[in-house]
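Peer 1: In my numbering, the protein residues as written are 1003 to 1263. Here's a structure for you.
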């Protein structure tokens, strides 16, 4: 081989290896995008205590947001921060919680700007991580809260889900979040294998029925390890008492054999 071509060939090979390594790295990391949080072994929607073990890689400064069952890692400064397999015992509720706090279980830097979920931020828990040393490091944060929560398996009439007090511009969204939580409970009551979940991607529509009642309608995805199907869901809301009166859903695109129900 021509000696002049050797450095080019070696450089191309190294670039190819780097591309493969980057591709493998992207298999498990999702950067600056919202994605479903993983379920911890003790996942329990009925528990009055919730907790997320946030495992994040940070170089300089990053922000972590948790809303419902979705987590977002945002890079403020330094190399791109990413999730390393965070898990939660339940979604962050779409209503006020008590004793919301964040602790550092592992990491050399500091945690700051902890923001409690409330109606003004659409019930999103936020924390910033500052890594002061050269190079990045893995952090493990404990985000925890207390909440009464709905009771799994109870009759719908016995589990009224209160809506959060409306804020300007967010009243319909708050009702939608409460509706989605109720639909999730109904779905998990019928699919108890521990593998099924509901993914809400788009906000639903809200229409007034009259007599201080509204209806919320939307679409979502019911998923398991082996199956994925669209669903249509519907809730009835008492606007005066701010409670979900009923919630239901229907599976669409019925296959001949379905494990979801």
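Note that the Cβ used here is the ideal one computed from N, Cα and C, for glycine as well. Everything numeric in this text was worked out from a predicted model, so none of it was measured.
So is residue 1103 buried or exposed if we call it buried at 16+ other beta carbons inside 10 Å?
Peer 2: Numbered from 1 along the chain shown, position 101 holds the residue referred to as residue 1103. Answer is exposed; the Cβ neighbour count stays below 16.
Peer 1: Can you give the beta carbon distance from residue 1039 to residue 1088, rounded, assuming they're within the 8 Å contact cut?
Peer 2: Numbered from 1 along the chain shown, position 37 holds the residue referred to as residue 1039. Numbered from 1 along the chain shown, position 86 holds the residue referred to as residue 1088. Confirmed, about 6 Å.
Peer 1: Taking the C-alpha atoms as reference points, what is the distance between residue 961 and residue 1119?
Peer 2: Residue 961 lies beyond the stretch modelled for the chain, which goes from 1003 to 1263, so this question has no answer here.
Peer 1: At the level of alpha carbons, what is the spacing between residue 1050 and residue 1105?
Peer 2: Position 48 of the chain shown, counted from the start, is the residue given in the question as residue 1050. Position 103 of the chain shown, counted from the start, is the residue given in the question as residue 1105. In this structure, the alpha-carbon of residue 1050 lies about 19 Å from that of residue 1105.
Peer 1: If you run the structure through DSSP and keep just helix, strand and coil, what is residue 1122?
Peer 2: Position 120 of the chain shown, counted from the first residue, corresponds to residue 1122. Here residue 1122 sits in helix by DSSP.
Peer 1: For the beta strand (DSSP E) containing residue 1202, name the first residue and the last one.
Peer 2: On the chain shown, residue 1202 is found 200 positions in, with the first residue counted as 1. No beta strand (DSSP E) contains residue 1202, which DSSP labels as neither H nor E.
Peer 1: Alpha carbon to alpha carbon, what distance is there between residue 1178 and residue 1046?
Peer 2: Counting from one through the chain shown, the residue named residue 1046 turns up at place 44. Counting from one through the chain shown, the residue named residue 1178 turns up at place 176. Inter-residue distance for residue 1046 and residue 1178 is about 22 Å (C-alpha atoms, whole angstroms).
Peer 1: When you compare each of 1229, 1230, 1234 to residue 1181 by their alpha carbons, which one comes out closest?
Peer 2: As a first step, residue 1181 is located in the chain shown; it is residue number 179 there, counting from the start. Taking only the C-alpha atoms, the option nearest residue 1181 is 1234.
Peer 1: What does a CB cutoff of less than 6 Å around residue 1128 pick up in its chain, not counting 5 residues either side in sequence?
Peer 2: Taking the first residue of the chain shown as position 1, residue 1128 is located at position 126. Once the five neighbours on either side are set aside, the close Cβ partners of residue 1128 are 1067, 1117.
Peer 1: Quick test of your reading: residue 1139 and residue 1109, contact by CB under 8 Å. State the CB separation rounded to the nearest angstrom.
Peer 2: Taking the first residue of the chain shown as 1, we reach residue 1139 at position 137. Taking the first residue of the chain shown as 1, we reach residue 1109 at position 107. Residue 1139 to residue 1109, Cβ: 6 Å. Contact.
Peer 1: For residue 1251 and residue 1076, what's the separation of their Cα atoms in angstroms?
Peer 2: Taking the chain shown and counting its residues from 1, the one referred to as residue 1251 is at position 249. Taking the chain shown and counting its residues from 1, the one referred to as residue 1076 is at position 74. Cα-Cα distance, rounded: 34 Å.
Peer 1: Would you mind stating whether residue 1198 and residue 1226 have Cβ atoms separated by less than 9 Å?
Peer 2: For the purposes of this step, residue 1198 is taken as the residue at position 196 of the chain shown. For the purposes of this step, residue 1226 is taken as the residue at position 224 of the chain shown. Going by C-beta atoms, residue 1198 is nearer than 9 Å to residue 1226.
Peer 1: For the candidate residues 1205, 1253, 1210, 1132, whose alpha-carbon lies nearest to that of residue 1188?
Peer 2: Counting from 1 along the chain shown, the entry for residue 1188 is found at position 186. Measuring from the Cα of residue 1188, the nearest candidate turns out to be 1253.
Peer 1: Note down, in chain order, each residue of its chain lying with its Cβ closer than 7 Å to the Cβ of residue 1086, except the 5 sequence neighbours on either side.
Peer 2: Sequence index remark: in the chain shown, residue 1086 carries index 84 (1-based). If we look at residue 1086 and ignore the five residues flanking it on each side, its Cβ neighbours are 1057, 1058, 1059, 1140.
Peer 1: For residue 1111, I'd like the list of residues in its chain whose CB is within less than 8 Å of its CB, leaving aside the five on either flank, ordered along the chain.
Peer 2: What you label residue 1111 is simply residue 109 of the chain shown in a count that begins at 1. 1060, 1131, 1132, 1133, 1134, 1135, 1139, 1141, listed in sequence order.
Peer 1: Can you list, in chain order, the residues of its chain whose CB lies under 6 Å from that of residue 1162, leaving out five sequence neighbours each side?
Peer 2: Counting from one through the chain shown, the residue named residue 1162 turns up at place 160. Because residue 1162 carries a pLDDT of 41, less than 50, the predicted location of this residue cannot be relied on, and the following value inherits that uncertainty. Cβ neighbours of residue 1162 beyond the five flanking positions: 1245.
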